[in-house]
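All remarks here apply to the structure that follows.
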DNA sequence: ACCACTCCAG
DNA sequence: TAGTACCGCG
DNA sequence: CGCGGTACTACTGGAGTGGT
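Residue numbers (UniProt numbering): 1 to 512.
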């Protein structure tokens, strides 16, 4: 069956909002028409009627846009309906202010594949752009409402205050260091990250550690009751934006101003507890008064320099255990819920040559649902163990394929079906169909993770004998017709890639 | 005690 | 989190 | 006809819940 409830702030609310906007406009138009009908007496030819229709359509869609935008600022149906009833469309935007204690939908970033693209896309920003480390943790909005009241909201605006009490304490404590803002209400946009504070500077731990050991209120109570020792990790709050300070919403202020105020609010970092996201300002050459006549003229050296600096910073961020960089136009405002062109994310796995890429063998599959009914999806892929001639499963893949590929490969693999999981295949998965393996696909992933279900590397890991390895966010890249299953990535190579990654991220990853 | 299921993070 | 398909708008 | 926004279909890991 299909599930309709996915995003709390999504499909259903959006429909309701659009309908509300339309109803409001039509209601007003109806009132207007009645008045007009009273004055005139049946003159309007067909042409003016259709022109009126088009104009009406435009008014409706504009109203819908206004309400949708207002909702991203203050996602409360009650407030919107009340404003609509009392003051019409105009009143809605006015009523939907950012208020500490109520979440704003977080601004999102577009993927971007390297320094050249960053330069091309942000060249229009006269104020330049800032590159910030992209920390691999949980996105959070921390609200201090004053009088010791606080709230934390997740990326999807769930209230996760209880889960991140430490983060609240960190922000409160750090704010006290500011002479002028110590008692101000504030809303900060940040990333909460698992860290090891035994080292200086604090070592950033992988996302998996945060996911497995971030304490929930209930879980913590349970652990305390049973073992006494809470298996929780320390977290550090990396702040990268401020949306409200004192009495003022900063959502419409340019990033340059928001970052200044963020510095003012947190003049002192608390190492390993609250830090500013590592960042650098890039001022673009060749923009401004001179650039009008000499379009691509001077500044080539500066441009090369910028590429080099940006690429270096990307490598540094990866070395520090981050996902890559966020590059943001300094003259941009905060656009709630928008995947904006003003924010670009450059991740390691987007950049050619920096991604983990594996050559794997399709060994089984399931039947897809919905749009993909009738095709195989997902596919189960495996690495080889040359010593035993076995195939060990690594991950399921369902992304990166075209529909045409699905059609072709489903037909092709239906000729390769075998009755059961072949003897030389090691996996805990229960595929719907099993294949006689014959080819190799190149698969790209963001990271290698410890897995309780996948067999590759099981028993070969020094740090953990009960788990195998898998890929985070696997996607299909291309067929490798030049390879046969015996030439696929071996489990030992996979284990070696994992240990290189572990070196980069440091020890302290998830264990049992 | 264990399993199936849902929900949540990415 | 990812990529792809699809639909409506200009 | 191209673009942007949305919907769809999925993944790895946890915590939590409710039933047997």
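All residues carry an ideal CB built from backbone N, CA and C; glycine is no exception.
This structure is a prediction, so every number in the text was calculated from the model and none was measured.
According to the Cβ coordinates, are residue i and residue j closer than 8 angstroms?
i, j, result
"residue 174", "residue 271", "no"
"residue 494", "residue 328", "no"
"residue 205", "residue 357", "no"
"residue 443", "residue 485", "no"
"residue 181", "residue 265", "yes"
"residue 260", "residue 136", "no"
"residue 392", "residue 301", "no"
"residue 76", "residue 55", "no"
"residue 364", "residue 251", "no"
"residue 284", "residue 123", "yes"
"residue 25", "residue 59", "yes"
"residue 331", "residue 243", "no"
"residue 355", "residue 489", "no"
Go ahead and pull the three-state DSSP assignment for residue i.
i, result
"residue 62", "helix"
"residue 373", "strand"
"residue 27", "helix"
"residue 321", "coil"
"residue 444", "strand"
"residue 127", "coil"
"residue 422", "coil"
"residue 485", "helix"
"residue 490", "strand"
"residue 256", "helix"
"residue 427", "coil"
"residue 364", "strand"
"residue 334", "coil"
"residue 345", "strand"
"residue 501", "helix"
"residue 276", "strand"
"residue 457", "coil"
"residue 383", "strand"
"residue 97", "coil"
Roughly how many angstroms lie between the CA atoms of residue i and residue j, to the nearest whole one?
i, j, result
"residue 68", "residue 370", "29 angstroms"
"residue 146", "residue 184", "6 angstroms"
"residue 304", "residue 159", "45 angstroms"
"residue 368", "residue 464", "34 angstroms"
"residue 178", "residue 267", "6 angstroms"
"residue 195", "residue 233", "7 angstroms"
"residue 420", "residue 210", "38 angstroms"
"residue 424", "residue 236", "46 angstroms"
"residue 390", "residue 366", "21 angstroms"
"residue 448", "residue 480", "21 angstroms"
"residue 469", "residue 396", "12 angstroms"
"residue 496", "residue 114", "27 angstroms"
"residue 191", "residue 410", "42 angstroms"
"residue 155", "residue 417", "43 angstroms"
"residue 445", "residue 166", "32 angstroms"
"residue 168", "residue 73", "22 angstroms"
"residue 262", "residue 241", "7 angstroms"
"residue 246", "residue 277", "22 angstroms"
"residue 340", "residue 18", "22 angstroms"
"residue 221", "residue 453", "Caution applies to residue 221, whose pLDDT of 42 falls short of 50 and renders its modelled position unreliable; the model cannot decide the point."
"residue 153", "residue 258", "20 angstroms"
"residue 112", "residue 118", "7 angstroms"
"residue 379", "residue 317", "33 angstroms"
"residue 406", "residue 375", "6 angstroms"
"residue 381", "residue 427", "10 angstroms"
"residue 297", "residue 325", "For residue 297, the predicted model reports a pLDDT of 42, less than 50, meaning its position is unreliable; a value from the coordinates is still stated below. Residue 297 and residue 325: Cα-Cα distance of roughly 28 angstroms."
"residue 143", "residue 100", "6 angstroms"
"residue 150", "residue 193", "19 angstroms"
"residue 83", "residue 70", "11 angstroms"
"residue 413", "residue 422", "15 angstroms"
Taking C-alpha atoms, which residue in the options lies nearest to residue i?
i, options, result
"residue 256", "26, 131, 500", "131"
"residue 95", "78, 106, 62", "78"
"residue 487", "402, 441, 434", "441"
"residue 314", "280, 501, 82, 335", "280"
"residue 320", "134, 61, 80, 84", "134"
"residue 347", "310, 331, 64, 330", "310"
"residue 431", "239, 377, 386", "377"
"residue 157", "361, 492, 105, 415", "105"
"residue 501", "483, 471, 490", "471"
"residue 139", "66, 239, 148, 100", "239"
"residue 92", "108, 64, 460", "64"
"residue 398", "66, 362, 98, 458", "362"
"residue 62", "89, 214, 325, 85", "89"
"residue 403", "171, 57, 372", "372"
Please give me, in chain order, every unbroken run of the alpha helix (DSSP H) with length at least 4 that falls completely inside the stretch 130-186. 165-175
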